[in-house]
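A.B. asks: In this note's numbering, the protein residues as written are 5 to 1158. Just so it is clear, CB atoms sit at the ideal spot from N, CA and C, and this is done for glycine as well. From a predicted model like this one, the values you see are computed outputs, not experimental measurements.
1. For residue 186, does the three-state DSSP call read helix, strand or coil?
2. For residue 592, write down the residues that DSSP places opposite it in a beta bridge.
3. Put residue 493 into one of helix, strand or coil per three-state DSSP.
4. Indicate whether the contact test is met: 3 or more Cβ pairs, each with one atom in the region 683 to 700 and one in the region 392 to 410, closer than 8 Å.
5. Using only the alpha-carbon positions, how far apart do residue 158 and residue 947 sit?
6. Does the distance from the C-beta atom of residue 549 to that of residue 523 stay below 8 Å?
7. Strictly by DSSP, which residues pair up with residue 501?
8. Tell me the DSSP bridge mates of residue 1016?
9. So residue 417 is in the alpha helix (DSSP H); what residue range does that whole segment cover?
10. Could you compute how far the alpha carbon of residue 374 sits from the alpha carbon of residue 324?
11. If you follow the beta strand (DSSP E) that residue 65 is in, where does it begin and where does it stop?
12. Quick one: complete alpha helix (DSSP H) runs, 4+ long, within the region 94 to 177?
13. When you compare only the Cα positions, how much space is there between residue 925 and residue 939?
14. Report the residue from 1114, 1095, 1085 whose alpha carbon sits nearest the alpha carbon of residue 49.
15. Is it the case that the Cβ atoms of residue 387 and residue 709 are separated by a distance below 8 Å?
16. Starting from residue 548, follow the beta strand (DSSP E) in both directions and report where the run begins and ends.
17. Excluding the 5 residues preceding and the 5 following residue 841 in the sequence, name in chain order all residues of the same chain whose CB lies nearer than 8 Å to its CB.
18. Residue 675: which of 639, 418, 253, 1157 sits nearest, CA to CA?
19. Helix, strand or coil for residue 1042? Go by DSSP, reduced to three states.
20. Taking only the alpha-carbon atoms, compute the straight-line gap between residue 1017 and residue 987 and give it to the nearest angstrom.
21. Going along the chain, which residues of its own chain have a beta-carbon closer than 6 Å to the beta-carbon of residue 1160, five neighbours each way excluded?
22. Measuring only the C-alpha atoms, how far is residue 52 from residue 1133?
23. Can you give me the C-alpha to C-alpha distance between residue 36 and residue 43, rounded to a whole angstrom?
24. Between the C-alpha atoms of residue 679 and residue 415, what's the straight-line distance to the nearest angstrom?
25. Classify residue 617 as buried or exposed, calling it buried when 16 or more other Cβ atoms lie within 10 Å of its own Cβ.
26. For residue 2, write down the residues that DSSP places opposite it in a beta bridge.
27. For residue 1124 versus residue 1157, is the C-beta distance shorter than 8 Å?
28. Between which two residues does the beta strand (DSSP E) containing residue 1120 stretch?
29. Who are residue 972's beta bridge partners in DSSP?
30. Counting only the same chain and skipping the five closest in sequence on each side, list residues whose C-beta sits under 7 Å from that of residue 315.
31. Would residue 3 and residue 1128 qualify as a contact pair, given that the criterion is a beta-carbon distance under 8 Å?
32. Our contact map puts residue 479 next to residue 469 with C-beta atoms below 8 Å; I'd like the distance itself, whole angstroms only.
33. On the three-state DSSP scale, how would you describe residue 841?
34. Counting Cβ pairs closer than 8 Å, one from the region 527 to 536 and one from the region 648 to 658, do we hit at least three?
35. Going by other Cβ atoms of all chains shown within 10 Å of its Cβ, with 16 needed for buried, is residue 560 buried or exposed?
36. May I ask which residues mark the beginning and end of the beta strand (DSSP E) holding residue 76?
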């Protein structure tokens, strides 16, 4: 509650704020908030809500207040609380622990300060202090104004005397200036008369000198023109020499390129012939090798059936031999059983055992045979897979070889295109160099022409024309408004008409500067152009003809053969008629000056001749020599044409630069493509090598697999024959098991054995024969297989492919070189090579022509220099004669200037003063002037502003007087305000003291019915008087308490004689009395009954219950007396170091405190 309602926590430092938010270990808290909810059904708070919540949220870097969950400034929240009765002057609506004890043990002066605070004297004290401060300021300002008034009075007296002296000085000074004016005027007239006589004497010499100088100037101009012509001729000669040297250099470069390419072609041709020869040799070897391979294949095909037949017969013979030997062995075994076994049972037992062994062996052979069969099947499948992979590699190798061929063709095209682009690029570089030279020459001519044009007319006008064109170029865009401005500009007057060369002088004299006026459609266009011109900080002068504002008069021209309107000789567009009428409409072109003077006098028109002489309608005549070679119109036309040529050259140069850039990009692209193609070819060849190695490995695996399969087939056949032998043995043993033992063979058996031996011997010989034949065939077959020359064929094929692939770049280079050498042939060479000879011949002729012209111009220039030297000698003679005239004239002019300067220094004089001394002689005037100067000497250090300063000080004195009167009134008003504020403060303090004393006595009577107490005012440490007996608050030094706890009124106790409980009781009485003086809607007290005696606690509880009828009380207590009067009870417990507040019943509360 205190956290929100009091100002104790309004200004917190960062460390204090952190400690307030969180103190201890564990998760750190960075935000905390406290909320108080008020019942506003009585509308005591000025907020339209029945429930009002006040909340304060504090963090590490912010502190915010909320009213009904809306952010509210602290001052606004305080104003709301004050309007509800929470007065800031009463700090005892929250009574913390120790505050009662502090008030009980406080001195009398502290209680006085508390009562003064409750009385609200701080407002009056602030007003009194402010009024005293204002009073002091007014007092100081009033003293300063009075001091200024005294200073002004003294200064006015001095200025009055200075004003009288100034009037006397002014009268004498006017007389002095009038006399000096008379003297200077007489000297000026004498000097002017002497100068006029001298000019009349030397005027013929001046005229002759002027004529000579005109002749000299004309000769110098002719010399300049001749020098310029000579310079141009020499420049042309230098240019021709440079072009000749450049052409020879280019010819040498081209010839060197041709020689280099021819050498390269020869080298490449030799390499190509060597490669072709090697290729043919390799192909011959391949052809021979293929024939041998075909013969070997035929032999293999013929040997294979013989070998198979021999092998088959050998196997049959061996099988028959095995059967016969087995049969013979069995017969012999029967004969030998009686020797081996004594009885039949022993023999049968041995036979049974032998049958079991044979059966087990048969099983093992069958298993082995089946296993061999499965392995042979897998080998067949593996062999098929290897063959498929080898075929696939061959196909991929062929595709790669085809792709290499395609890439090499593409590489040839790319290289050919690149070389063609390089040839075009070199041609463009040459053209660009020629254009740059041309632009440089045009720029020099343009600069020279502009300099000449600026010498003929105003430079600012030319700068204005160029600046306006730059502004228009800047304004060109897609914006409609800007486009209308650009379209509304029509150019200068000079740009919009044409005339013959004979009229140039007349047109220039008539128009003058107006030739460069700019014609625009409307005044809006001119204003926008002017605004942009100024904002772009352009230099120069611009003037406009506004077609929408011009309204020239309709003129009637006279009809005569000697004169015609000048405008009729000009050709221009009809839309510019207003501007042309304004410039040329009132001018007639006349035959001579007599005709011009006649028409100008009769028709109110300006007249001009072809030579530029004018007769104006005002009556004045203008004329002189006009050099037609220095025509402004011709210079301007030449200047604009050079500008156009320069722009065209720059445009062409930019086009060539763009083409060069594009060609460079294309060449770079072709170079990049070439590198990419070469990289692809290398990668493809690398892939082919890899596939060849893989193919060799797979072929080796296939051969090994075939060899292993052949061995496995032999093992399978052997197993099969062994099975047959064991089967026959098994049958023989079974047959023997069913017969009796014999001691000898029968005759049939003996014959059979003999026959068997004969057959065995024959079969053995046949087997040996078949075996030797089979070995011979096998040897021949293996020899043929080894001599199939496959590897040699593959090697030769690779060599052939390598030769082809290696020869292709040479072919490419050779073809490119051929194409380049063909491009330099006579019929298909570039244009600059093809026309080089003709150009050199033409330049030689032109060079000879300019050489002859140079010699003639040099001779002409020499004659002009001699003529100019003669004229200079005549001018020198006139200069000597006129030098004396110039010296005398300078002396007289200096004297005239001095007289005029002296007259100007005298300042303005009335006409009466100027004519007053005209009839006085010079000597008499000098005497009068000496007398006046003598009188003026007594006036030294005069204040020439005395009259003006005197008037100003009088006005200032009036203002100071008014200010002093105003300050006096303000001073008296503040004194009255101070008296009123002190009176109000005393009234408020006395009223609060009386009210507090009455409340104190009444509340103490309620707490201690048998006692009585009252507040007293202490005027000194020992003197105390009742509150009602003091009228002067300034005499009060403190607030004392007189108290008695029994019915005896005379037994009054001092505070220092009382116990702690009694002091606390008196302090609580005073607090409640103060709250009665300034009631609040809410009062919070914290364990105020802890220091009281047990006898007074019930009374305190009853008193709080009585006061709670007007004010809500929130009381914290550990005693049960206050609980008897409580309306709502809350228990506060600490669980896990955290406070928990719960609503409880009265019985739980009593049990809680006990």
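C.D. replies: Let me spell this out:
1. Locating residue 186 in the chain shown gives position 182, counting from the first residue. Here residue 186 sits in helix by DSSP.
2. For the purposes of this step, residue 592 is taken as the residue at position 588 of the chain shown. Answer by DSSP bridge pairing, in chain order: 569, 611.
3. Translated into the one-based positions of the chain shown, residue 493 becomes position 489. In the structure shown, residue 493 sits in a strand (DSSP, three-state: E or B).
4. Verdict: yes, contact present.
5. Numbered from 1 along the chain shown, position 154 holds the residue referred to as residue 158. Numbered from 1 along the chain shown, position 943 holds the residue referred to as residue 947. So the alpha carbons of these two residues sit roughly 16 Å apart.
6. As a working mapping, residue 549 is identified with position 545 in the chain shown. As a working mapping, residue 523 is identified with position 519 in the chain shown. Yes; because the gap between Cβ atoms is below 8 Å, this pair is in contact.
7. The residue labelled residue 501 in the question sits at position 497 within the chain shown. Residue 501 pairs with 576.
8. Translated into the one-based positions of the chain shown, residue 1016 becomes position 1012. In the DSSP output, where bridge partners are listed per residue, residue 1016 has 1048.
9. The count along the chain shown starts at 1 and reaches residue 417 at position 413. Counting along the chain, the alpha helix (DSSP H) containing residue 417 begins and ends at 348 to 460.
10. Position 370 of the chain shown holds residue 374. Position 320 of the chain shown holds residue 324. Cα-Cα distance, rounded: 24 Å.
11. Locating residue 65 in the chain shown gives position 61, counting from the first residue. Neither: residue 65 is in no beta strand (DSSP E) and is coded neither H nor E.
12. 103 to 109, 112 to 123
13. Along the chain shown, read from residue 1 onward, the residue named residue 925 stands at position 921. Along the chain shown, read from residue 1 onward, the residue named residue 939 stands at position 935. The straight-line gap from Cα to Cα measures roughly 21 Å.
14. What you label residue 49 is simply residue 45 of the chain shown in a count that begins at 1. Comparing alpha carbon positions, the residue from 1114, 1095, 1085 closest to residue 49 is 1085.
15. As a working note, residue 387 is residue 383 in the chain shown. As a working note, residue 709 is residue 705 in the chain shown. Yes. Within cutoff.
16. Taking the chain shown and counting its residues from 1, the one referred to as residue 548 is at position 544. Residue 548 -> beta strand (DSSP E) spans 548 to 550.
17. Reading the chain shown from its first residue, position 837 is the one you call residue 841. The pLDDT assigned to residue 841 is 48, lower than 50, so where the model puts this residue is not dependable, and the model offers no usable value.
18. As a first step, residue 675 is located in the chain shown; it is residue number 671 there, counting from the start. That would be 418, whose Cα lies nearest to the Cα of residue 675.
19. For this step, residue 1042 is matched to residue 1038 along the chain shown. Here DSSP, grouped into helix, strand and coil, assigns residue 1042 to strand.
20. As a first step, residue 1017 is located in the chain shown; it is residue number 1013 there, counting from the start. As a first step, residue 987 is located in the chain shown; it is residue number 983 there, counting from the start. Computed Cα separation, rounded: 29 Å.
21. The structure shown does not extend to residue 1160, since the chain is modelled only from 5 to 1158, so the question has no answer here.
22. Counting from 1 along the chain shown, the entry for residue 52 is found at position 48. Counting from 1 along the chain shown, the entry for residue 1133 is found at position 1129. Taking the straight line joining both Cα atoms gives about 29 Å.
23. As a position in the chain shown, residue 36 is number 32, starting the count at 1. As a position in the chain shown, residue 43 is number 39, starting the count at 1. In a straight line, the C-alpha of residue 36 is about 24 Å away from that of residue 43.
24. Against the chain shown, residue 679 aligns to sequence position 675. Against the chain shown, residue 415 aligns to sequence position 411. Spanning the two alpha carbons is a distance of roughly 9 Å.
25. As a working note, residue 617 is residue 613 in the chain shown. Result: buried.
26. Because the chain in this structure spans residues 5 to 1158, residue 2 falls outside the shown range and cannot be described.
27. Here residue 1124 refers to the residue found at position 1120 of the chain shown. Here residue 1157 refers to the residue found at position 1153 of the chain shown. Cβ atoms of residue 1124 and residue 1157: closer than 8 Å.
28. As a working note, residue 1120 is residue 1116 in the chain shown. Segment 1116 to 1120, the beta strand (DSSP E) holding residue 1120.
29. On the chain shown, residue 972 is found 968 positions in, with the first residue counted as 1. Assignment of beta-bridge partners to residue 972 by DSSP yields no partner.
30. Here residue 315 refers to the residue found at position 311 when the chain shown is read from its first residue. Excluding residues within five positions, the ones whose Cβ falls inside 7 Å are 778.
31. In the structure as shown, the chain begins at 5 and stops at 1158. Residue 3 is therefore absent and cannot be evaluated.
32. Working through the chain shown from its first residue, we reach residue 479 at position 475. Working through the chain shown from its first residue, we reach residue 469 at position 465. The pair is not a contact, with the Cβ atoms about 16 Å apart (cut-off 8 Å).
33. Residue numbering aside, residue 841 sits at position 837 when the chain shown is read from its first letter. Unreliable placement is indicated for residue 841, whose pLDDT of 48 sits below 50; the coordinate value is still reported in the next sentence. In the structure shown, residue 841 sits in a helix (DSSP, three-state: H, G or I).
34. no
35. Reading the chain shown from its first residue, position 556 is the one you call residue 560. So residue 560 counts as exposed.
36. Position 72 of the chain shown holds residue 76. Unbroken beta strand (DSSP E) run through residue 76: 74 to 76.
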